[in-house]
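Per the UniProt record's numbering, the very first residue in the sequence shown carries number 1; after that it's consecutive.
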Amino acid sequence: MLSALGSILMKIHQIEGYIQTIYLVEYQDKLMLLDGCCRADHDIVLSFITQTLNRAIGDLKVILVTHMHPDHAGGAHKLAKTTGAKIAACNAPGHWYRGLDGMLMHWTDMLLALYVAGRKGKKKQNLFYPRKLRADHFLADGMTIPGFDDWQVMHIPGHTDRDIAAYHIPSERVYVADLMVKVKGKLIPPFPLFYPRRYRNSLLAIKLLQPKSVILAHDGELDFADIDFDSLIESAPTTPMTHWRSVKYKFKKALNIH
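The structure is reproduced here in structure tokens:
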């Protein structure tokens, strides 16, 4: 599935990715990816640029990485190497997948991505990518994206400590990546959720922004008026929902430990 959203000056193309929607922003003289995709999406992106848009791969100037999960950062390095595009990310300190725990979590996240792909009926693909991001631009909250001054970055941590959103100022549309996901027609918090308090604040920040629409990594573009932010904030978890807590809970449940 592919579609284009936008005006003559700027279009946001929606491309079906391995397990997420790819958003490619097109201008007359440049292109930008709103996330780093999966490693498996590399050829899909290049094919769309060269065959569908009839553009040169060098027109891709910026790859935004909203956070480090496989479907948001997995293709960033490979695409940057192929196209010469610069990688832009949050200015959070250190690496997300640092240390031994980080290494284990990195592999767990790739396995979870493969599980999701299987649920979607997709064939297994190589999703391996570096756990340490080599970004060219580290963006503070409120900064504009280099070369794309009509896009402003917002820090929206919670899912991880370095999630960012991209707000297109002229059209008042905001890409929030995994800030929320739709399950059985209902919007809920993402999994994992490492920082519940920060997550609530991030939801509040988007609510107060009052954009015309909100673009999700897995569920397309929604009208702002159709999202019940108050309900999301009220029902959001108060304790972290992480890989290890989930395993521990299931283990205790299996042993009937209270």
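C-beta: ideal position from N, C-alpha, C; glycine also.
A quick note: this is a predicted structure, and the numbers were derived from the prediction, not measured.
Please report the residue range of the beta strand (DSSP E) in which residue i lies.
i: Arg-173; result: 173 to 177
i: Met-105; result: Counting along the chain, Met-105 falls outside any beta strand (DSSP E), though it belongs to the alpha helix (DSSP H) covering 99 to 119.
i: Ala-80; result: Segment 76 to 83 is the alpha helix (DSSP H) holding Ala-80; no beta strand (DSSP E) there.
i: His-137; result: 137 to 139
i: Ile-57; result: Note, Ile-57: premise wrong, no beta strand (DSSP E); not H, not E.
i: Ile-215; result: 213 to 216
Use the C-beta contact count for residue i: other C-beta atoms within 10 angstroms, 16 or more gives buried, fewer gives exposed.
i: Pro-157; result: buried
i: Gly-84; result: exposed
i: Trp-107; result: exposed
i: Ala-94; result: Looking at the sequence shown, residue 94 is not Ala but Gly. Per the 10 Å Cβ criterion, exposed.
i: Gln-20; result: buried
i: Ile-169; result: exposed
i: Lys-253; result: Below a pLDDT of 50, predicted positions are generally treated as unreliable, and Lys-253, at 46, falls in that range; the measurement from the model is reported next regardless. Burial call: exposed.
i: Lys-61; result: buried
i: Ala-225; result: exposed
i: Val-183; result: exposed
i: Leu-2; result: A caution first: Leu-2 carries a pLDDT of 46, below 50, which makes its placement in the model unreliable, though a value can still be read off. Classification of Leu-2: exposed, given that the 10 Å Cβ count is below 16.
Is it the case that the Cβ atoms of residue i and residue j are separated by a distance below 9 angstroms?
i: Ala-217; j: Asp-43; result: no
i: Phe-191; j: Met-241; result: yes
i: Ile-63; j: Leu-33; result: yes
i: Ala-135; j: Gln-125; result: no
i: Arg-162; j: Ala-89; result: yes
i: Ala-59; j: Gly-17; result: In the sequence under discussion, the amino acid at residue 59 is Asp, which differs from the Ala named in the question. No, these two residues do not count as a Cβ contact at 9 angstroms.
i: Tyr-97; j: Lys-120; result: no
i: Arg-173; j: Ile-227; result: no
i: Ala-140; j: His-159; result: no
i: Ile-15; j: Phe-48; result: yes
i: Leu-53; j: Leu-31; result: yes
i: Ala-165; j: Leu-193; result: no
Just list the residues that DSSP pairs residue i with in beta bridges.
i: Met-32; result: Val-25, Val-62
i: residue 266; result: For residue 266 there is no data in the structure shown, the boundaries of the chain being 1 and 258.
i: Cys-38; result: BP columns for Cys-38 are empty, so no partner.
i: Lys-86; result: Val-62
i: Ile-164; result: His-155
i: Lys-182; result: Leu-187
i: Met-241; result: Leu-193
Following the continuous alpha helix (DSSP H) through residue i, name the residue where it begins and the one where it ends.
i: Ile-233; result: 229 to 235
i: Leu-209; result: 196 to 209
i: Asp-223; result: Where Asp-223 is concerned, there is no enclosing alpha helix (DSSP H), although the beta strand (DSSP E) it sits in stretches over 220 to 223.
i: Ala-73; result: 70 to 73
- Query: Between the stretch 199 to 217 and the stretch 225 to 241, are three or more C-beta pairs nearer than 8 angstroms?
  - Reply: yes
- Contact between the stretch 107 to 124 and the stretch 174 to 185: three or more CB pairs below 8 angstroms? no
- Message: Is it the case that the stretch 67 to 78 contacts the stretch 139 to 155, given that we only count it when at least three CB pairs across the two stretches are under 8 angstroms?
- Response: no
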